[in-house]
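Note that the protein sequences, when read in sequence, are chains V and U.
Everything in the first sequence is counted per the numbering used here, starting at 1012 for the first residue and increasing by one.
Everything in the second sequence is counted per the numbering used here, starting at 1012 for the first residue and increasing by one.
2 protein chains.
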Amino acid sequence: MRGSIPAGHAPTLEMVAAQAGVSRATVSRVVNGSPKVSPEVVESVQAAITALNYVPNRAARSLASRRTQAIALIVPESAARVFDDPFFASIVQGAALALAGTEYTLNMLIESELDPDKTRRYLLGGNVDGALVVSHHTGDHSFAHLSRSLPLVFGGRPLDPEESSGYTVDVDNEHGATAAAQHLIDAGRTRIATIAGPQDMPPGVDRLHGFTTVVTGAGLADDLIEFGDFTAASGAAAMHRLLERAPELDAVFAANDQMAMGALSALADAGRSVPDDVAVVGFDDDRYAATAVPPLTTVRQPSSEMGAEMARKLVRLIAGEDVESATILPTELVVRQSG
Amino acid sequence: MRGSIPAGHAPTLEMVAAQAGVSRATVSRVVNGSPKVSPEVVESVQAAITALNYVPNRAARSLASRRTQAIALIVPESAARVFDDPFFASIVQGAALALAGTEYTLNMLIESELDPDKTRRYLLGGNVDGALVVSHHTGDHSFAHLSRSLPLVFGGRPLDPEESSGYTVDVDNEHGATAAAQHLIDAGRTRIATIAGPQDMPPGVDRLHGFTTVVTGAGLADDLIEFGDFTAASGAAAMHRLLERAPELDAVFAANDQMAMGALSALADAGRSVPDDVAVVGFDDDRYAATAVPPLTTVRQPSSEMGAEMARKLVRLIAGEDVESATILPTELVVRQSG
DNA sequence: TTGAAAGCGCTAACAT
DNA sequence: ATGTTAGCGCTTTCAA
């Protein structure tokens, strides 16, 4: 097939003005819902608009108004595989839905490793009115300096708290881990291990910190720590190492559900029953947690809400409103059968 | 915090021209890589550009050139929950990555139920040079008529094959189902059931058709069919119904992995062992298939490749090149432990 | 090879 | 309440 499209005869505002017998300015007012236009005129202009099937040209509008009605969603290059993470998908979803009700569109940018400067140029090229930076897992706030030129909202806190980088939305990772550990202790478990996440990612750090705080606070040992990279495979491997080190362990807290799933299969391999021999608690409450075998006890984080909150915050920022610098969304323990 | 940004002093092409001591036209030529500019001039202009940190304004450029360098990715409104589907996330990922190397940006649009016409207006408002429509699961090609105004590429075939709607990329659902059923038969299974997908979605139809063709072709009964909606919960429910109808069944093919996961837990509930008592085969090879308990035998579909192919096809279409009307990507059986 | 000039389609003062 | 008039920042003939 041939890919040509008939030269689009897009009707212009001027044509509408002619058809309605008014000036272009008036048509513009009607299109933009200005209150100071007489009802009759509004009506005739609207008639002309539908008659001609007129749709305003965005480029012209942005050029003249210096607003784009667009918001960028920036995904760190290192995390193209970030799509593998249901949490990330939920953030995108939340942001997209929150924006669906507004005049804004979401422009998704995956940072190119080929041209690391591309994103910066895009942001500075007047393409968008603001940007959402999903650095949740990486803690990378290298865009922070752009905050001076453009409203920016980050998902997840920066790795270095000193690097106070403007506006952020985060979930309460530490509290979630605290609740998980406490739950295990309350259930009478005494030899509790954890499969922690990477320590160069804020959630990895915060969840481990919450865990050790509670465990040591209860007078238990916190020597059973193995690290994974948030994938199921790494969770299984870590579980195997844990079992080797401490066959007597009776509980494990994994820093995310995928690693918990891996732990579940490692435990099945080893012939341990869950939760009778070993209790397992995860983090995220991703879409597979509820149907795992056995259903996973985990910490729910409001992932799509996080995306939505980021979007709302950015919109208010663009509007020049007062906005909280940091928002922390609550997490909540969901008790199922695994622990 | 206050949300104000210092009035952005974006350098303009004119300023670059002044700084380099040439005309705006020349700067424009350099920026756009025109071959007919003397090397010395190119150099001085480029120096001015970096000195001023100049970034061309996209709106102005689009307005003048009538090109936007942007591509829309349209998600059917009914499927905001489509993000729950790892397959969809992969498509987005594939498209975004394929576009990362080009001059195009992805604009994600979630169709608003509040204003169903919004998407149409956006597409017609000169916002993008073309669009990707992810209708894979719904078979909804209601945008087909827009093909006359704008290059469009659809993911998934339309529900009604008559409704030949321009350019599409699809995976070979029927072949995948065929391979799955044949595998079960080759393994000596004789009482084979299927948990089919919704019959108002092309993949649901195609996968069921492939299944029944092979099963009846082998002289087996195809009476064990229950329907689900592609969710794990519906898969579990369907499995329970099947077990009730035919306790003697020895295999089940689920039209996607999520339903297969549901079937797995239903079988565990019923005390059936997999694959000894019942073999289970899924479809998709989503990220949880490999770590399911037991690891799921399934049909792999090249999901991110599908997104990438859609994007590439659209780019070629926009460039006015010759493009295949329909592309079918191959699927492949992945044998693991469940069947 | 370079420059001058005319828009692209719209918004936003400023008049009326 | 409506029209007039300038641009917004860039590309693109057309001349030189």
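Glycine included, every Cβ here is placed at the ideal spot set by N, Cα and C.
Just so you know, these numbers come straight off a predicted model, no measurement behind them.
8 Å Cβ cutoff, residue i in contact with chain V
| i | result |
| --- | --- |
| U/Ser1073 | yes |
| U/Gly1166 | no |
| U/Met1026 | no |
| U/Gly1044 | no |
| U/Val1304 | yes |
| U/Asn1184 | no |
| U/Thr1116 | yes |
| U/Asn1138 | yes |
| U/Pro1067 | yes |
| U/Ile1339 | no |
| U/Leu1108 | yes |
| U/Gly1221 | no |
| U/Ala1279 | yes |
| U/Thr1023 | no |
| U/Arg1132 | yes |
| U/Ala1243 | yes |
| U/Ala1319 | no |
Below-8 Å beta-carbon distance, residue i vs any chain U residue
| i | result |
| --- | --- |
| V/Leu1135 | yes |
| V/Ser1276 | yes |
| V/Leu1344 | no |
| V/Pro1111 | The amino acid at residue 1111 of chain V is misidentified as Pro; the sequence shows Ala. Interface residue, yes. |
| V/Ala1059 | no |
| V/Ile1121 | yes |
| V/Thr1079 | yes |
| V/Met1272 | yes |
| V/Ala1070 | yes |
| V/Ala1100 | yes |
Length of the line joining the Cα atoms of residue i and residue j
| i | j | result |
| --- | --- | --- |
| U/Val1056 | U/Tyr1065 | 11 Å |
| V/Ser1336 | V/Ala1109 | 20 Å |
| V/Asp1297 | V/His1186 | 18 Å |
| U/Pro1306 | U/Gly1208 | 22 Å |
| V/Asp1280 | V/Ala1266 | 21 Å |
| U/Arg1040 | U/Tyr1133 | 30 Å |
| V/Thr1037 | V/Gly1105 | 37 Å |
| U/Gly1350 | U/Ala1100 | 27 Å |
| V/Gly1112 | V/Ser1314 | 19 Å |
| U/Ala1301 | U/Asp1240 | 22 Å |
| V/Thr1338 | V/Val1326 | 15 Å |
| V/Arg1347 | U/Phe1294 | 27 Å |
| V/Leu1063 | V/Ala1028 | 11 Å |
| V/Glu1025 | V/Arg1035 | 6 Å |
| U/Asp1217 | U/Phe1165 | 17 Å |
| U/Glu1237 | U/Tyr1115 | 44 Å |
Residue i, DSSP secondary structure in three states
| i | result |
| --- | --- |
| U/Glu1343 | strand |
| U/Asp1287 | coil |
| V/Met1119 | strand |
| V/Leu1170 | coil |
| U/Val1027 | helix |
| V/Arg1202 | coil |
| U/Ala1265 | strand |
| U/Arg1077 | coil |
| U/Arg1040 | helix |
| U/Val1164 | strand |
| U/Arg1311 | strand |
| U/Asp1280 | helix |
| V/Asp1140 | coil |
| U/Tyr1065 | coil |
| V/Thr1338 | strand |
Residue i: CB within 7 Å of a non-hydrogen atom of the ligand SAH
| i | result |
| --- | --- |
| U/Ala1192 | Judged by which ligands are present, the structure shown has none, so any question about the ligand SAH falls away. |
Integer-rounded CB distance, given that residue j should sit under 8 Å from residue i
| i | j | result |
| --- | --- | --- |
| V/Pro1162 | V/Gly1141 | 4 Å |
| V/Ala1204 | V/Val1263 | 4 Å |
| V/Leu1344 | V/Val1304 | With 8 Å as the limit, V/Leu1344 and V/Val1304 do not qualify as a contact, their Cβ atoms being about 20 Å apart. |
### Query
Just checking, does the segment 1208–1223 of chain V make contact with the segment 1231–1243 of chain V on the three C-beta pairs under 8 Å criterion?
Contact between the segment 1208–1223 of chain V and the segment 1231–1243 of chain V is present, because at least three Cβ pairs lie under 8 Å.
### Task
Determine contact between the segment 1193–1203 of chain U and the segment 1247–1254 of chain U, defined as no fewer than three beta-carbon pairs at a distance below 8 Å.
Counting Cβ pairs under 8 Å, fewer than three are found: no touch.
### Query
Is it a yes or a no for the segment 1038–1057 of chain V touching the segment 1039–1050 of chain U, going by three-plus beta-carbon pairs under 8 Å?
By the Cβ criterion, the segment 1038–1057 of chain V is not in contact with the segment 1039–1050 of chain U, since fewer than three pairs of Cβ atoms, one from each stretch, lie closer than 8 Å.
### Query
Given 8 Å as the limit, is there contact between the segment 1322–1329 of chain U and the segment 1286–1297 of chain U, that is, 3 or more CB pairs closer than that?
They do not touch, by the three-pair rule.
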